[in-house]
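Please read the structure below before turning to the comments.
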Amino acid sequence: MLRRLATGAAALALAALGVVGLGQAPAFAAPNFQVPFKCGVTVTAATFSGHNPANSVDFQKSGITGMPVLASAAGTVTRVANEGDTSYGRWIELDHGSGWRTRYAHLSTQSVSVGQKVSLGAKIGTAGATGGVTGPHLHYEQRQNGTVVKAKLNGVAVPYFGKTSFTSKNNCSGNPYTPTEVCGSGYSVINSKALSSAGTVYLLYNASNKNNCVVTLKSTSLGKATPTSAFLEVKGKQRATDSGDFTYYAGPVRKEAGATCVKWGGSVGSNSYESPFEHCS
């Protein structure tokens, strides 16, 4: 599950070991791209062989003309162009950092300008049928270092080739992740602690493997890498911590505990929490 923009340290370390080839740009984790429409809107993501460029997605929906098109991740506007009745027609490109960009084409209107910084879920235009199209839809691309890659929406890979319905979670209630999504199947929340208004740290348990899991979900600066942490300590064993500049969450930190007491907690910015040893049975 993708959760953060890489800081670059790991990539530089691999390069020093010769893992990244000469002249080859290191790969960075993608932002958690969202469906580029308002929360709750269901659209059809159409992919097909021969699409130009390859791996593009056409979002289709009855009455799509004039619907607000939203930024699928926070970024900076790099292109606001108009090709007239050919190609993309009216289109916009956003730069999300670390080589990642998105494009939105065949727009009926554009409401941003080059150099403008936009947040996740910000309106950038409206869908339409400008350019070389036979009907209204939103042409969408996720690009890494200039190459269009197969799209993912909220961590879910868009199927190729076919038509698949996606319901937007874009800017629905803040963080698009849940603690159970982060920790995985079989985990249930058994405790949580709010970190003021900055986020919440969760303790989960999986009865099938007797593992605890801790994750800290951010509530502010979503889509932007900021200091966030999560830790889990089983009594008598070394503490495990996940700490860094994360866009949506820290963790998951998992350890087998069973009937052994655990200490858990985390932080978002200057807001932190550390539990006593508890949940001993």
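Basically this note's numbering = 1-based index in the sequence shown + 163.
By construction, the Cβ of each residue, glycine as well, lies at the ideal position given by its N, Cα and C atoms.
Same chain, Cβ closer than 6 Å to residue i, five either side skipped, listed in chain order
i: residue 295; result: 249, 250
i: residue 335; result: 202
i: residue 363; result: 355, 357, 380
i: residue 359; result: 434
i: residue 365; result: 342, 352, 355, 378
i: residue 245; result: 253
i: residue 224; result: 206
i: residue 204; result: 331
i: residue 444; result: 422
i: residue 448; result: In the structure as shown, the chain begins at 164 and stops at 444. Residue 448 is therefore absent and cannot be evaluated.
i: residue 393; result: 377, 378, 379, 405, 413, 414, 416, 429
Same chain, Cβ closer than 8 Å to residue i, neighbours up to 5 away in sequence not counted
i: residue 165; result: Low local confidence applies: a pLDDT of 39 at residue 165 is under 50, so the model's placement there is unreliable, with the coordinate-based value given in what follows. 192, 193, 194, 195, 315, 318.
i: residue 311; result: 216, 217, 218, 219, 304, 305
i: residue 436; result: 356, 358, 364, 428, 429, 430
i: residue 292; result: 228, 252, 269, 271, 298, 299, 300
i: residue 332; result: 197, 198, 202, 317, 339
i: residue 185; result: For residue 185, the pLDDT reaches just 38, beneath the cut-off of 50, and the residue's location in the model is therefore unreliable, although a value from the coordinates is still provided. So the list is empty, once near-sequence residues are dropped.
Any chain C beta carbon closer than 8 Å to residue i
i: residue 292; result: Of the protein chains in the structure, only one exists, and it is not chain C.
Beta-carbon proximity of residue i to residue j, cut-off 8 Å
i: residue 276; j: residue 240; result: yes
i: residue 269; j: residue 300; result: yes
i: residue 382; j: residue 403; result: no
i: residue 262; j: residue 308; result: yes
i: residue 405; j: residue 390; result: no
i: residue 416; j: residue 352; result: no
i: residue 340; j: residue 367; result: no
i: residue 197; j: residue 283; result: yes
i: residue 399; j: residue 345; result: no
i: residue 373; j: residue 419; result: yes
i: residue 222; j: residue 208; result: yes
i: residue 230; j: residue 289; result: yes
i: residue 324; j: residue 410; result: no
i: residue 370; j: residue 287; result: no
Residues bridged to residue i (per DSSP)
i: residue 231; result: 289
i: residue 206; result: 329
i: residue 194; result: Per DSSP, none; premise fails for residue 194.
i: residue 314; result: Answer is none; residue 314 lacks a bridge partner.
i: residue 265; result: 257, 305
i: residue 357; result: 363
i: residue 222; result: 208, 301
Three-way DSSP call (helix, strand, coil) for residue i in this model
i: residue 201; result: coil
i: residue 339; result: coil
i: residue 246; result: coil
i: residue 431; result: strand
i: residue 296; result: coil
i: residue 184; result: The predicted model places residue 184 with a pLDDT of 38, which falls under 50 and marks its position as unreliable, so this point remains unresolved.
i: residue 319; result: strand
i: residue 352; result: strand
i: residue 240; result: strand
i: residue 128; result: This structure cannot settle anything about residue 128, because the visible part of the chain is limited to 164 through 444.
i: residue 270; result: strand
i: residue 284; result: coil
i: residue 414; result: strand
i: residue 407; result: strand
i: residue 425; result: strand
i: residue 436; result: strand
i: residue 277; result: coil
i: residue 324; result: coil
Cβ shell of residue i (< 7 Å), same chain only, five flanking positions each side left out
i: residue 337; result: 382, 385
i: residue 243; result: 255, 273, 275, 276, 277
i: residue 432; result: 361, 389, 390
i: residue 280; result: 239
i: residue 397; result: 418, 420, 423, 425
- Message: At 3 residues or longer, what runs of the beta strand (DSSP E) sit wholly inside the segment 359 to 404?
- Response: 362 to 369, 374 to 381, 389 to 397
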